[in-house]
Amino acid sequence: MTTVLTREYLDVRPDGWLDYAPKRIAQLGAKKCYNRTLCEELLSILLPARPPFHPRQFATCAVVGNSGDLLKTEFGQEIDAHDAVFRDNEAPVNKKYAKYVGLKRDFRLVVRGAARNMAPILKGSSDEALIIKSLTHKEINAVIKELPNPVYLFQGIVLRRGAKGTGMKSVELALSMCDIVDIYGFTVDPGYTEWTRYFSAPRKGHNPLQGRAYYQLLECLGIIRIHSPMRAQRVEDWSDVPSREAIRRAHAAAFRLKRRETGQA
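Heads up, the sequence shown is in this note's numbering, so the first residue is 2 and it goes up one at a time.
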């Protein structure tokens with residue numbers, strides 16, 4: 002499984018070049034890929050022949066969101082200790098924010114609008130892979146040609162409706178190639194009204210509550226681990242958790258009581 006679009010995928014998919022490929026290219030207009038030449042031309046710099054990444058390629062990965070709550074932590078060194086680090090859009094990585102978000106940078110998932118402004122963001126990090134989340138078009142291709150970084154187009158084939166935003170797709174991307182996924186910068190203060198980012202003024206954004214519930218579900222299933230200011234100094238103590246046997250006895254007692262109340266033998 003891969004979450005990066007490849008030439009191999011389009012070749013194998015029955016409608017790959019005639020239907021799916023045009024949908025990934027904005028401003029195509031009436032032109033279609035009847036002979037696939039047009040789509041190959043516009044997608045050529047984004048399409049590797051085969052998947053460049055594979056499952057369990059990295060043992061530990063950190064996905065760093067953009068929440069302003071990161072400024073309440075000092076997760077920087079912890080984030081940098083991971084085998085790979087995933088970041089979103091224009092999130093800066095520099096000495097100013099190093100103690101909050103670290104300096105390591107391996108993958109960056111971006112929406113189409115942010116892709117136009119990547120040159121200054123990626124400066125000094127030519128190995129950082131850029132993954133374009135949505136569509137591509139000629140303007141983006143022109144920008145890509147000027148970048149020394151590897152650039153790919155996000156395919157996105159799982160967890161499609163779990164949560165909104167680029168952050169969820171970054172988690173999806175990490176899960177496709179990492180054994181253990183830790184997420185940072187995905188929490189907000191109670192009473193959220195504006196989406197705060199650690200590097201800029203607050204702004205309106207999608208409501209994070211659905212995503213927050215979804216991330217917690219993934220954590221309960223053992224798929225990801227969530228790190229936040231509320232948990233930074235927490236020491237987990239499971240000593241007061243009842244044993245399986247105690248839970249079984251309590252369930253049996255409750256069942257017997259219920260039967261007596263309903264007059265059953």
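Where a beta carbon is used, it is the ideal one built from N, C-alpha and C, also for glycine.
Note that the structure is predicted; figures quoted are calculated from it, not measured.
For residue j and residue i, believed in contact at Cβ under 8 angstroms, the rounded distance
i, j, result
"Ile-132", "Pro-93", "The pair is not a contact, with the Cβ atoms about 18 angstroms apart (cut-off 8 angstroms)."
"Ala-99", "Gly-77", "5 angstroms"
"Leu-110", "Leu-48", "Actually they are not in contact, since the Cβ atoms of Leu-110 and Leu-48 sit about 17 angstroms apart, beyond 8 angstroms."
"Thr-197", "Gly-103", "Actually they do not touch by this definition, with Cβ atoms about 19 angstroms apart."
"Lys-97", "Asp-81", "Between Asp-81 and Lys-97 the Cβ distance is about 15 angstroms, and since that is not below 8 angstroms, they are no contact."
"Glu-79", "Ala-50", "About 36 angstroms separates the two Cβ atoms, so there is no contact after all."
Assigned exposure category for residue i - 16 Cβ within 10 Å defines buried
i, result
"Asn-95", "exposed"
"Ile-248", "exposed"
"Glu-129", "buried"
"Ala-164", "Low local confidence applies: a pLDDT of 49 at Ala-164 is under 50, so the model's placement there is unreliable, and no value is given."
"Ile-46", "exposed"
"Val-159", "Summary for Val-159: the model assigns pLDDT 40, below 50, so the residue's position carries little reliability, and this model does not support an answer."
"Arg-14", "exposed"
"His-228", "buried"
"Gly-125", "exposed"
"Ala-259", "Before going further, note that residue 259 is Lys rather than Ala in the sequence given. Counting Cβ neighbours within 10 Å, Lys-259 comes out exposed, since fewer than 16 surround it."
"Gly-168", "buried"
"Asn-90", "buried"
"Leu-222", "exposed"
"Gly-186", "buried"
"Ala-253", "exposed"
"Phe-54", "buried"
"Gly-166", "buried"
Cut-off 6 angstroms between Cβ atoms - residues of its own chain near residue i, not counting five sequence neighbours on either side
i, result
"Gln-73", "In the sequence on display, residue 73 carries Lys and not Gln. If we look at Lys-73 and ignore the five residues flanking it on each side, its Cβ neighbours are Pro-230."
"Arg-162", "The predicted position of Arg-162 is uncertain, since its pLDDT is 49 and thus under 50; a value taken from the coordinates is nonetheless stated next. Correct list: empty, nothing qualifies."
"Ile-225", "Val-182, Ile-184 and Leu-219"
"Glu-75", "Lys-100"
heavy atom of the ligand MN below 7 angstroms from residue i C-beta
i, result
"Ile-80", "Annotation note on the ligand MN: not contained in the displayed structure, which lists no ligands."
Sequence-distant residues of the same chain with beta carbon closer than 7 angstroms to residue i, five excluded per side
i, result
"Cys-40", "Trp-18, Ala-22, Pro-23, Ile-26 and Cys-34"
"Arg-37", "Trp-18"
Other residues of its chain near residue i: CB distance less than 8 angstroms, five sequence neighbours each side excluded
i, result
"Asp-107", "Ala-85, Val-86, Phe-87, Asp-128, Glu-129 and Ala-130"
Beta bridge counterpart(s) of residue i as assigned by DSSP
i, result
"Val-111", "Ile-133"
"Ile-181", "Thr-61"
**Asked** Quick check: the segment 83-103 against the segment 62-71, are there 3 or more CB pairs under 8 angstroms?
**Response** yes
**Asked** Is the segment 178-189 touching the segment 143-159, taking contact as three or more C-beta pairs under 8 angstroms?
**Response** No, they do not touch.
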